[in-house]
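Written below as structure tokens is the structure these notes are about.
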Amino acid sequence: MASKRITSRTKVYMTRIGVRDWLVATASQKAALKAWDVHRNLFSTGEARETNDSEHIALAMKTPGIPVPVPGRVLVPEERQKTSNVVRLATARPTPVVQKAKSRDTSKLDAAQEELRAFERDAVRERAEIEKRKRLIQTELEAFDAAAERKRILLAKRIKREHDALSD
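Next comes the structure, spelled out in structure tokens:
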């Protein structure tokens, strides 16, 4: 799993996987590719890039090292060539022109995309709740450790007093 530490070197990277744009906050391009589970260098082909958009940075920094989808419209393949936020290198091959398919029923595709959006919203919410519970448990554990240490010190002092009383 990718590192979850936020450092001064942490950057936010963006790419398109399937019909969605994805963000990840990591310290390097290599770590971003690993988080996206991609085995080829998307940065060298211009398919991935660093983003400086404040909304993207805020979203990705909530879960460093974990890819998050960019909220917004999901592009269907026909629209993908018309609109792209991926910066292409000048030497990249031109994208072939795809003819529009005949009008088809997209209700199943729309339903699947909506289900994915709902799942992603729920997953982010559930993860935040788990992280909150984790912080609460950590705080409770620290309080327990402090109380146990105080009790140990008191008992050690009592033993010393009783030992000194026996020695007199």
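If you use my numbering, the sequence shown corresponds to residues 310 to 477, in order.
Quick reminder that beta carbons are idealized off the backbone N, C-alpha and C, glycines included.
- Message: So that I know if they touch, is there some Cβ in chain B lying closer than 9 angstroms to that of residue 378?
- Response: In the structure shown, chain B cannot be found, because there is only a single protein chain.
- Query: Do you know how far the Cα of residue 455 is from the Cα of residue 442?
  - Reply: Against the sequence shown, residue 442 aligns to sequence position 133. Against the sequence shown, residue 455 aligns to sequence position 146. Cα-Cα distance, rounded: 20 angstroms.
- What do you get for residue 342, buried or exposed, if any count of 16 or more other CB atoms within 10 angstroms of its CB means buried? Numbered from its first residue, the sequence shown carries residue 342 at position 33. It counts as buried.
- For residue 466, the three-state DSSP class (helix, strand or coil): Start at 1 with the first residue of the sequence shown, and residue 466 comes out as number 157. When DSSP states are grouped into helix, strand and coil, residue 466 belongs to the helix group.
- Query: Is the region 371–379 touching the region 322–338, taking contact as three or more C-beta pairs under 8 angstroms?
  - Reply: A contact exists between the region 371–379 and the region 322–338.
- How many Å lie between residue 462 and residue 469 at the Cα? Your numbering for residue 462 matches position 153 in the sequence shown. Your numbering for residue 469 matches position 160 in the sequence shown. Approximately 11 angstroms, taken between the alpha carbons.
- Query: Helix, strand or coil: how does DSSP classify residue 357 here?
  - Reply: As a working note, residue 357 is residue 48 in the sequence shown. DSSP, read as helix, strand or coil, puts residue 357 in strand.
- Inter-residue spacing [alpha-carbon to alpha-carbon] between residue 472 and residue 452: Position 163 of the sequence shown, counted from the first residue, corresponds to residue 472. Position 143 of the sequence shown, counted from the first residue, corresponds to residue 452. The straight-line gap from Cα to Cα measures roughly 30 angstroms.
- Query: Considering only the beta carbon of each residue, do residue 366 and residue 334 sit closer than 9 angstroms?
  - Reply: Locating residue 366 in the sequence shown gives position 57, counting from the first residue. Locating residue 334 in the sequence shown gives position 25, counting from the first residue. Contact: yes.
- Message: If I measure Cβ to Cβ from residue 492 and keep anything under 6 angstroms in the same chain, skipping five residues before and after, which residues do I get?
- Response: Past the edges of the chain, shown from 310 to 477, lies residue 492, and the structure says nothing about it.
- Taking 9 angstroms as the cut-off, decide whether the C-beta atoms of residue 332 and residue 354 are in contact. Here residue 332 corresponds to residue number 23 of the sequence shown, with the count starting at 1. Here residue 354 corresponds to residue number 45 of the sequence shown, with the count starting at 1. The answer is no: Cβ separation not under 9 angstroms.
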